[in-house]
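Heads up, the sequence shown is in the working numbering, so the first residue is 18 and it goes up one at a time. Heads up, the beta-carbon is just placed ideally off N, CA and C, and yes, glycines get one too. Computed from a prediction, not measured in an experiment: that's the story for all the values here.
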Amino acid sequence: MTIHNSHPYGDARFATLGEVRSAGLFKRRGVEFGLVRGRPLYHSNRAGVKITGGAGSGKTSQLAIPMILGSDASFVLLDTKNAEITRIIEAHCALTRVPLYAVDPFGISGLPRLRVSLLSHLTARSATLVPDSQRFWNAIRPDSGGDNVFFDQSGRRFGDAITRGDVGLNGSTSFRSLFDLVSMLRGEFEAWSAWADQAKDRSAPDVASVFAEMKDMYAGSPKTFDSILAGVANALAFMATPAAQETFVSDRGADFTLDAMLGPGKVIVSLIIPEELLETLAPVVRQFFSSIRTIKQRRPDAAPINFLIDEAARLGRFGELAELFAIGRGQGVTPYVFYQADAQIERNLGPTGKGTIEANAALMIDLGGGIRDFETARNRSLSLGYQTIEIDDPLVQTRAQSAASEMMRKVHLEGADPIEAGLRLRQLDYETAHKTKMRKALMEPSQLLDLDRTKMLVQARGYHLRPFIADKTPYYLQRRFAGHYLPNPNEERDLWSVGVRTLWGMRCRKIIEESVPSFLAHLPQYSGGRPLRYVEGFKPTL
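Given below as structure tokens:
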């Protein structure tokens, strides 16, 4: 180990503006993520991004929305706060002719309630049907922890067999079909047994073997069988909601499939789930992102896709998140995952989850005003490292000054040897300016807890760059975004006007609603006759 004499306790420091520029973060490519001296920063190396910030720290207004408005990339987002992001960016999508697919089971956004097939990749023609089906069940039926390994694994095996049996009979499957089959299995076993006899003749041998195991367990160990099926049924329980049945449909009943994300231009798909229902619908949310990942993985030539996953901690155990950081870059999928504290990661992804994410993240962003627990602040302080600082040593300096005065007295009053005194005074001159080197954290936990709400700490390890402090500014205070957003339904009472920044300061502009012009009529957000809404003075043109 090499110890540098000039920095014996560490050489941690912040990156300079020149180093940030040399790392390529000012080049307009990839996804925008903040500002330095008014210039946008861009993330382009496709590795994952971990963002930490509590409620009210500007996650939406200062980070997520500028990411979308300031980038040409495609996004898949989880919108949980009254369809806030989706409703705000509607004007941007009109101005830039970006398809906006709103998967809105409960009709919160006012946009067309599009029906989607999340399992379009599970077909009889697929060469990867087996691993894709297994990944599907890993997403909706994750490990529950504790001593339930047998029930978790058996539930996934049973679910996988039912899924591939359905595909074997019908060529494809859907959430509704699986929900009906599991309900039949629990309530009308004889009817399900007859279905299984038909399915096994058109399925792989291992499917027939699992069906036989299920029948034997039903007859010989009914309590164990019921316990396993309870977990399977719980994973699909969200499909009991009529809104879910109407939204998550088969290929034949869908308005679009997730292949829409693979188009040549910018595309946005928004899954809108009420905040209070997020835990209940967590299985379908996990599968939503898992399916898009699988589809993109099969098409490496398609443009990269960015996942914006707010409230990631409320999705339960979702091991694929760690996988997205570890290998998603090579698959063309970049996760932007929002947490409120480090402890949430360990609770959902296990003891190695946090390490996996941080070891593979290109960027780790901590929002000013959003770090509120000491443990997270302490972890971040440790990760930033230590610097070596120099401070005056008053004890040594005072002694040296006193000794120098005494030496001068002896020369002048006692006739001491001036040459010997000169050598001694030279040494004392050094001691009078003596400084002590000490170790100091680059940022103390208290500094992180008190970080300015307009700032954010960026650790750009994926760019081999030292950490730095960047700015975060609300989208509505940036003149370049004027006309690209509608009123925030959670913040503004008047939804028919919006403030925009101009050369002359903030101005109020009306929201105009009129018939959709022909050159925009093909966009999914205007299906079913929905009118065009835009900001006065910013009408979309051909």
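- The three-state reading of DSSP puts residue 111 in helix, counting H, G and I together.
- DSSP places residue 301 inside the alpha helix (DSSP H), whose first and last residues are 299 to 314.
- Excluding residues up to 5 positions away in sequence, 157, 192, 195, 196, 199 and 300 lie with their Cβ nearer than 8 Å to the Cβ of residue 253 in the same chain.
- Around the beta carbon of residue 467, fewer than 16 other beta carbons sit within 10 angstroms, so the residue counts as exposed.
- Taking C-beta atoms under 8 Å as the contact rule, residue 540 and residue 114 qualify, at a distance of about 7 Å.
- By the criterion of at least three beta-carbon pairs nearer than 8 Å, the region 82 to 90 is not in contact with the region 519 to 533.
- Ranked by Cα distance from residue 554, the first of 367, 519 and 129 is 519.
- Within the same chain, and ignoring the five residues on either side of residue 108 in sequence, the residues whose Cβ sits closer than 8 Å to its Cβ are 500, 501, 502, 503, 550, 551, 552 and 555.
- By the neighbour-count definition (other C-beta atoms within 10 Å, threshold 16), residue 178 is a buried residue.
- According to the DSSP secondary-structure assignment, residue 289 is paired through a beta bridge with 96.
- Non-local beta-carbon contacts of residue 159 in its own chain, meaning distances under 6 Å to residues more than five positions away in sequence, involve 334 in chain order.
- Under DSSP, the beta-bridge partners assigned to residue 28 are 404.
- Residue pairing from DSSP places residue 323 in a beta bridge opposite 92 and 351.
- Contact between residue 91 and residue 289 does not hold, since their C-beta atoms are separated by about 18 Å, which reaches or exceeds 8 Å.
- Annotation for residue 460: no alpha helix (DSSP H) segment contains it, and DSSP assigns it neither H nor E.
- Secondary structure note for residue 214: its alpha helix (DSSP H) is the uninterrupted segment 206 to 217.
- Straight-line spacing of the CA atoms in residue 248 and residue 164 works out to 14 Å.
- Closest option to residue 280, judged by alpha-carbon separation, among 558, 317, 229 and 355: 317.
- Non-local beta-carbon contacts of residue 232 in its own chain, meaning distances under 7 Å to residues more than five positions away in sequence, involve 210 in chain order.
- Secondary structure note for residue 527: its beta strand (DSSP E) is the uninterrupted segment 522 to 531.
- Assigned with DSSP and collapsed to three states, residue 221 falls in coil, not helix or strand.
- Within a 10 Å sphere around the beta-carbon of residue 523 sit fewer than 16 other beta-carbons, which makes this residue exposed.
- About 21 Å separates the CB atoms of residue 137 and residue 258; that is not less than 8 Å, and the two are not in contact.
- For residue 516, the beta-bridge partners assigned by DSSP are 525.
- With distances taken between CA atoms, residue 32 lies nearest to 484 out of 484, 266 and 66.
- By the criterion of a C-beta distance shorter than 7 Å, residue 184 is surrounded in its chain by 139, 140, 141, 146 and 190, once the five residues flanking it on both sides are discounted.
- Residue 60 carries a strand assignment under DSSP once its states are collapsed to helix, strand and coil.
- With fewer than 16 other Cβ atoms from the protein chains shown falling within 10 Å of its own Cβ, residue 270 counts as exposed.
- Boundaries of the beta strand (DSSP E) harbouring residue 476: 472 to 476, taken from the DSSP string.
- Between residue 536 and residue 285, the alpha-carbon positions lie close to 18 Å from each other.
- Within the DSSP bridge table, the entry for residue 486 names 474 as partners.
- Counting C-beta atoms within 10 angstroms of its own C-beta, residue 46 has fewer than 16 neighbours from the protein chains shown and is therefore classed as exposed.
- Of the residues 176, 225, 187 and 219, the one whose Cα lies closest to the Cα of residue 202 is 176.
- Residue 470 places its beta carbon less than 9 Å from that of residue 385.
- If you draw a 10 Å sphere on the C-beta of residue 154, you find 16 or more other C-beta atoms in it, and that means buried.
- Per DSSP, residue 374 is one residue of the alpha helix (DSSP H) stretching across 370 to 377.
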